[in-house]
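Trainee: First, the structure itself, so that you have it in front of you.
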Amino acid sequence: MAAPYRFLFILLPVLALAVIVVSLPRTAAAPEAAPEARPTPELVHIPTEAERAFEQELEEIAASLDGTVGVAVTDVETGRSYAIRGDDWFPQQSVSKLWVALTALDEVDEGRLELDEAVAIGPKDLTLFHQPIRDLVQARGAFRTDYADLMQRALTGSDNTANDRILRRVGGAEAVEDFLAAKKITGVRFGADERTKQSAIAGLRWNQAFSVGNAFFDARDRVPDAARRAAFEGYLADPIDGATPVGITEALARLARGELLSPSSTALILATLQNTRSGPQRLKGGVPPGWSIGHKTGTGQFFDGEQSGYNDIGILTSPEGHRYTLAVLIARTREPTLARMRMMQEVTRATAQFDLERANEDPPEVVAQPVG
């Protein structure tokens, strides 16, 4: 019997060790490594022959004028842009009235403004330069109207006083900047009202007496040339109302597609731009038969024979309804006005010709390009 007992004495420790091992907590298995995420390839548009030729033509047109010229064209339907100096900053001048009008219409859409709201324009509201409304104020002591009328005057006639009164109603320059930010409009800034901006460009501080007769011009003539030059060059180097050509055309394309305002406000602003009376020989002068354009001009001050800002922007529509947004911005030039207008007209004609050639070629190629 001794041998079986010896076997048990040997086996019992082994069994106890096995029980201990089995009862020990198990270490969790290491998770399998997740497969490495691959970046999504970017879709790259390959320019067509017509697109390459169009950009080359735009470059030649811009170079034909002695001055600092920026040009951009955006196809509203495809969203593609073609530009020369498209991301450089240019002074807008009265082009900026468009952003005031859009801010006001956004207020209408939000229920904070009624366009038929009554408003009185008096001597304290007068500004400078182009303000046809001043004659009405001086003849009557005050001119009573509504904001719908002021918007028409500001956009179609580029009336500075009408524009600044709308600006005051919507909350000033800060309200316009807030609108641009809220709508994610990049490459565009507003700056200041006409009185503040134009006085600063001339090396002056605004005085309401400047709104009467030639008082502003007389005061500007008394500014020393060195101070005028410093103010003029400072404005051109970093325009308070600066915008990029592509920033403008992309914002206009969004406006045309109805992405910025309600349908009724969009229809109103587009119809108003069609009735613009200023600058009939700028972009509008090159519109072919059957086409149409709604546009807004901007014209800056002269100093020593050079002009700071001569612009036109617009929405060009083909007979078939295809739309393009255009911006031609001249930061500075000594060229005669006729040469500037002809250059702008050539941009319009080139866009119309591009539309014809685009329609007659194969669709553009889009390829996937690896990232990283």
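Count along the sequence shown starting at 1, add 648, and that's the number in the numbering used here.
Backbone N, C-alpha and C fix where the C-beta goes; we use that ideal spot for every residue, glycine too.
(1) Within 10 angstroms of its Cβ, does residue 726 collect 16 or more other Cβ (buried), or is it exposed?
(2) Report the rounded CA-to-CA distance for residue 916 versus residue 952, giving the unit in angstroms.
(3) Give me the DSSP bridge partner(s) of residue 791.
(4) Report the rounded CA-to-CA distance for residue 896 versus residue 902, giving the unit in angstroms.
(5) Does the beta-carbon of residue 692 have 16 or more other beta-carbons within 10 angstroms, so that it is buried, or is it exposed?
(6) Hey, would you say the C-beta of residue 893 is under 7 Å away from at least one heavy atom of the ligand SAM?
(7) Under 8 Å by Cβ, that's how I've got residue 813 and residue 767 pegged, so tell me the actual separation to the nearest angstrom.
(8) Go ahead and pull the three-state DSSP assignment for residue 785.
(9) Leaving out five residues on either side along the sequence, give the residues of the same chain with a beta carbon under 8 Å from the beta carbon of residue 909.
(10) Taking the straight line between their C-alpha atoms, what separation do you get for residue 969 and residue 919?
(11) Give me the Cα-Cα distance between residue 936 and residue 1000, rounded to the nearest whole angstrom.
(12) Could you pull the DSSP bridge partners for residue 960 from this structure?
(13) Per DSSP, what kind of secondary structure is residue 890 in: helix, strand or coil?
(14) What residues are listed by DSSP as bridge partners for residue 730?
(15) Please classify residue 857: is it buried, with 16 or more other beta-carbons within 10 angstroms of its beta-carbon, or exposed?
(16) In terms of DSSP beta bridges, what is residue 955 paired with?
(17) Counting pairs of Cβ atoms below 8 Å between the region 981–995 and the region 928–948, do you hit three or more?
(18) Are there three or more Cβ pairs, one per stretch, closer than 8 Å when the region 787–803 is compared with the region 733–749?
Mentor: Based on what the coordinates show:
(1) Numbered from 1 along the sequence shown, position 78 holds the residue referred to as residue 726. Under this definition residue 726 is an exposed residue.
(2) Sequence index remark: in the sequence shown, residue 916 carries index 268 (1-based). Sequence index remark: in the sequence shown, residue 952 carries index 304 (1-based). Approximately 40 Å between the Cα atoms of the pair.
(3) In the sequence shown, the residue the question calls residue 791 occupies position 143. Paired residues: 769.
(4) Here residue 896 is taken as the residue at index 248 of the sequence shown, counted from 1. Here residue 902 is taken as the residue at index 254 of the sequence shown, counted from 1. If you take the alpha carbons of residue 896 and residue 902, they lie about 10 Å apart.
(5) Numbered from 1 along the sequence shown, position 44 holds the residue referred to as residue 692. Flag for residue 692 reads exposed.
(6) As presented, the structure is devoid of all ligands, the ligand SAM included, so that no description of it is given.
(7) Within the sequence shown, residue 813 is the residue found at index 165, counting from 1. Within the sequence shown, residue 767 is the residue found at index 119, counting from 1. With 8 Å as the limit, residue 813 and residue 767 qualify as a contact, their Cβ atoms being about 7 Å apart.
(8) Within the sequence shown, numbered from 1, the residue matching residue 785 stands at position 137. Helix.
(9) Counting from 1 along the sequence shown, the entry for residue 909 is found at position 261. Taken in chain order, the residues that qualify are 750, 753, 754, 757, 903, 917.
(10) Walking along the sequence shown from the start, residue 969 turns up at place 321. Walking along the sequence shown from the start, residue 919 turns up at place 271. Each residue's Cα considered, the two are about 15 Å apart.
(11) The count along the sequence shown starts at 1 and reaches residue 936 at position 288. The count along the sequence shown starts at 1 and reaches residue 1000 at position 352. Cα to Cα, the separation comes out at about 7 Å.
(12) Translated into the one-based positions of the sequence shown, residue 960 becomes position 312. The partner list for residue 960 (beta bridge, DSSP) reads 945, 976.
(13) For the purposes of this step, residue 890 is identified with residue 242 of the sequence shown, where counting begins at 1. DSSP places residue 890 in strand when its eight states are reduced to three.
(14) In the sequence shown, the residue the question calls residue 730 occupies position 82. 721.
(15) Translated into the one-based positions of the sequence shown, residue 857 becomes position 209. Classification of residue 857: exposed, given that the 10 Å Cβ count is below 16.
(16) Mapped onto the sequence shown, residue 955 falls at position 307. Answer is 950, 981, bridged to residue 955.
(17) yes
(18) yes
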